[in-house]
Structures are given as structure tokens and as C-alpha cells.
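Here the sequence shown stands for residues 1 to 109, numbered as in the UniProt record's numbering. First the structure, in the form of C-alpha cells, and then the observations on it.
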Amino acid sequence: MAEALTLTPAAAQRIAKIAEKQAKPAILRLSVEGGGCSGFQYKFDLAENAETDDSVSETAGVRLVVDPVSLDLVGGSTVDFVESLGGAAFRVENPNAAAGCGCGSSFGI
Numbered sequence: 001m002a003e004a005l006t007l008t009p010a011a012a013q014r015i016a017k018i019a020e021k022q023a024k025p026a027i028l029r030l031s032v033e034g035g036g037c038s039g040f041q042y043k044f045d046l047a048e049n050a051e052t053d054d055s056v057s058e059t060a061g062v063r064l065v066v067d068p069v070s071l072d073l074v075g076g077s078t079v080d081f082v083e084s085l086g087g088a089a090f091r092v093e094n095p096n097a098a099a100g101c102g103c104g105s106s107f108g109i
């Protein structure tokens, strides 16, 4: 079984703000799709609820949910929110990724 994910306090705070503005629950769904410049890409969405087979982790009242197929590719990862001169974005630190790209939104295994 794949390891659970970690949501940093900075990411939890940002998700809570976005969810409040959109009047949705503070639940971030991370999934993995084929594509991107390295083979797989991360997809982030606000979710209405967690599915029964999702892996769920919680930080400061904000939940991060991942489906079982995606969890095989991102298990043990940390989801962070970073702000820099180049902009602000959610970033996944994925220990399973053998390759990545400059944009930080895709990876290879």
C-alpha cells in the first residue's frame, strides 16, 4: 500500500481561502493524468466530498484526497503552496518521480 500524502500548513491555508471564496468545502483533490512534458501531470480540484476509497490526510481542518490509482504514483508526497517572483502555485514534492520538468506540474516514473 502506498504511503499517505502530507499537506503543508501553507497549502492548507491557501486551499481554505479558495474554498471560502467559492463557497465549497475545504477539500483538495489531487489526481494524476497522462500527459505533460514528462509523462504524467498533476491535477488539482476542489472536491465536494471524499470518496470511500480515497486516501485522506488533513492539515488545519483542510483535507487532501487522492484516488487509489493516483496514490500509487504520488504516495509519500508533500503538497505545498509556494509564492515567488515567478508567481504562486501548488507544488508536489514527489519521492516517486524519477524525472520532472521546469514547470513543476508534470513528472515521470
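We put the beta carbon where it would ideally sit given N, CA and C, even for glycine. Predicted, not measured: the structure shown is a model, and the values here were computed from it.
Exercise for review: Decide if the segment 58-74 is in contact with the segment 2-14; the criterion is three or more beta carbon pairs, one per stretch, under 8 Å apart.
Suggested key: yes
**Study point:** For Val92: DSSP bridge partner residues
**Key:** Val79
Practice item. Let me know if Leu71 comes out buried or exposed under the rule of 16 or more other beta-carbons within 10 Å of its beta-carbon. Key: buried
**Study point:** Close-in-space but distant-in-sequence residues of the same chain around Ala50 (CB under 6 Å, 5 per side omitted)
**Key:** Val56, Val65
Review point. Would DSSP call Leu5 helix, strand or coil?
Key: coil
**Study point:** For Leu64, the first and last residue of its enclosing beta strand (DSSP E)
**Key:** 62-66
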